[in-house]
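In our numbering, the protein residues as written are 1182 to 1490.
Below is one structure, written out as structure tokens, with a few remarks after it.
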């Protein structure tokens, strides 16, 4: 009887062990299925976030105007931030849900809250960057595509996040500026822009004739089909601005759509130079007059050589 009792106990233990294995296998299988579902939902959620971010940009691009409007710039900025924040939030939520399949995360969340509070005291600059980034975006101080000057750096805003602004300057250098360090911003491409041109003519020029030419060229570029949509009205010829050492300066103000002031200034200077050449108006440049009092052998050549040096 002792033998049968031992055999029965052994059989019961084996059966219980196999049953527990089966239960564990089913539990693991169920967890794996739920993890796959979580990952699929995360992938779908990410696609939805990208779609919504894309729709924001597409909706702002519906305007037929070829220039990038303020709404388009802001839409691109919001789109980038939506994808950045959405990616981080989706990753964190997915990670928590997957961990919950294996361990009880309630104590972990409590510990992480305490840890987060401790870290926050040591990362005040990060919190400052995030808060500053939020206000920069909500107030519309600048957006992707704007040309700004901040902390002594000038360039085009290439990317914005809640933490940093990425600024590309004219020689291609990318500057990364934490939002918390931005205390003053000069935006050169918001609302409207303006080029201030001081056109120099020589002192023996007929000023009335020169001003008439400038007004004609201002009217010409203002009605040019290639430029009228980039300008904000006809350039204004204000008149004599300064009697400088080498020239009389005539000021012209070219008001443009945001970001077009530099191209418009180049085009207007080119047109004025061609017109002045055609009408025989001289654009002066600094010259040096040398007075020679003695005319000894070789002295004149020496003086001229020294002046040229």
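Quick reminder that beta carbons are idealized off the backbone N, C-alpha and C, glycines included.
Span separating the alpha-carbon of residue i from that of residue j
i: residue 1311; j: residue 1464; result: 53 Å
i: residue 1454; j: residue 1348; result: 34 Å
i: residue 1216; j: residue 1282; result: 8 Å
i: residue 1345; j: residue 1352; result: 21 Å
i: residue 1407; j: residue 1401; result: 11 Å
i: residue 1232; j: residue 1332; result: 35 Å
i: residue 1337; j: residue 1356; result: 10 Å
i: residue 1460; j: residue 1235; result: 54 Å
i: residue 1422; j: residue 1410; result: 28 Å
i: residue 1431; j: residue 1267; result: 54 Å
i: residue 1405; j: residue 1307; result: 50 Å
i: residue 1305; j: residue 1278; result: 29 Å
i: residue 1245; j: residue 1335; result: A caution first: residue 1245 carries a pLDDT of 47, below 50, which makes its placement in the model unreliable, though a value can still be read off. Looking at the two C-alpha atoms, the distance is approximately 30 Å.
i: residue 1364; j: residue 1446; result: 30 Å
i: residue 1396; j: residue 1383; result: 18 Å
i: residue 1221; j: residue 1229; result: 12 Å
i: residue 1359; j: residue 1376; result: 30 Å
i: residue 1218; j: residue 1276; result: 13 Å
i: residue 1427; j: residue 1380; result: 12 Å
i: residue 1462; j: residue 1259; result: 52 Å
i: residue 1429; j: residue 1443; result: 23 Å
i: residue 1361; j: residue 1385; result: 56 Å
i: residue 1223; j: residue 1280; result: 15 Å
i: residue 1248; j: residue 1309; result: With a pLDDT of only 45 at residue 1248, under 50, the local geometry of the prediction cannot be trusted, and the value read off the model is given with reservation. Straight-line Cα distance between these residues: approximately 34 Å.
i: residue 1424; j: residue 1328; result: 33 Å
i: residue 1285; j: residue 1214; result: 18 Å
i: residue 1317; j: residue 1390; result: 49 Å
Chain-order list of residues whose beta-carbon lies under 8 Å from that of residue i (same chain, five-residue window excluded)
i: residue 1342; result: 1261, 1262, 1265, 1314
i: residue 1452; result: 1398, 1401, 1402
i: residue 1412; result: 1402, 1403, 1435, 1436, 1437, 1438, 1441, 1445
i: residue 1466; result: 1427
i: residue 1449; result: 1376, 1378, 1398, 1399, 1402, 1416, 1433, 1435
Close Cβ partners of residue i (< 7 Å) along its chain, the five nearest in sequence each way excluded
i: residue 1439; result: 1370, 1371, 1372, 1373, 1374
i: residue 1340; result: 1261, 1325, 1347
i: residue 1415; result: 1399, 1400, 1403
i: residue 1350; result: 1334, 1335, 1336, 1356
i: residue 1320; result: none
Cut-off 6 Å between Cβ atoms - residues of its own chain near residue i, not counting five sequence neighbours on either side
i: residue 1212; result: 1282
i: residue 1322; result: 1366
i: residue 1127; result: Lying outside 1182 to 1490, the shown extent of the chain, residue 1127 is not represented and no answer is given.
i: residue 1417; result: 1434
Cβ distance (whole Å) where residue i is taken to contact residue j below 8 Å
i: residue 1367; j: residue 1330; result: 4 Å
i: residue 1271; j: residue 1226; result: 5 Å
i: residue 1433; j: residue 1378; result: 4 Å
i: residue 1394; j: residue 1456; result: 5 Å
DSSP beta-bridge partners of residue i
i: residue 1420; result: 1432
i: residue 1330; result: 1335, 1367
i: residue 1437; result: 1374, 1412
Chain C contact for residue i (CB, 9 Å cutoff)
i: residue 1341; result: Among the chains of the structure shown, chain C does not appear; only one protein chain is present.
Please give the ranges of any beta strand (DSSP E) in the segment 1333-1389, keeping only runs that are unbroken, at least 3 residues long and fully inside the region. 1334-1341, 1345-1349, 1355-1359, 1366-1368, 1374-1382
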